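Notes for the one structure printed next.
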Amino acid sequence: MQTKFTEQLENRKFCTERGIKISGPTLGRPPTNIDKNKKKQAQLDERLRNNIEGKFGQAKRGFSKLKSDGPTS
101 MQTKFTEQLE NRKFCTERGI KISGPTLGRP PTNIDKNKKK QAQLDERLRN NIEGKFGQAK
161 RGFSKLKSDG PTS
């Protein structure tokens with residue numbers, strides 16, 4: 101899994117050389133027809149990524165790295 105930053109061409113090459121799975125949109129023009137299995141796998145990867153990013157946000161709030169969202173906090 102990666103963020104938008106790691107979707108750059110050099111980073112994609114680095115990952116493929118080392119056998120690291122890259123989930124997310126491919127570079128270039130989108131394909132006209134997408135395989136159902138690939139689409140389902142992309143959705144599962146995105147769900148997992150959302151959970152991970154949420155935990156990062158919780159940790160940052162817990163250690164006061166982010167400003168609070170609420171007026172009473």
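Okay, so the sequence shown: first residue is 101 according to our numbering, each after it adds one.
In this text, a Cβ means the ideal position worked out from N, Cα and C, and glycines have one as well.
None of these values were measured; they are calculated from a predicted model.
Spatial distance of residue i from residue j (CA atoms)
| i | j | result |
| --- | --- | --- |
| Asn-111 | Asn-150 | 21 Å |
| Gln-108 | Cys-115 | 11 Å |
| Ile-120 | Lys-113 | 10 Å |
| Gln-158 | Arg-147 | 17 Å |
| Asp-135 | Glu-153 | 27 Å |
| Gly-162 | Gln-143 | 29 Å |
| Pro-131 | Arg-118 | 25 Å |
For residue i, the three-state DSSP class (helix, strand or coil)
| i | result |
| --- | --- |
| Phe-114 | helix |
| Leu-144 | helix |
| Gly-128 | coil |
| Gly-154 | helix |
| Asn-137 | helix |
| Gly-162 | helix |
C-beta atoms of residue i and residue j nearer than 8 Å
| i | j | result |
| --- | --- | --- |
| Asp-145 | Ser-123 | yes |
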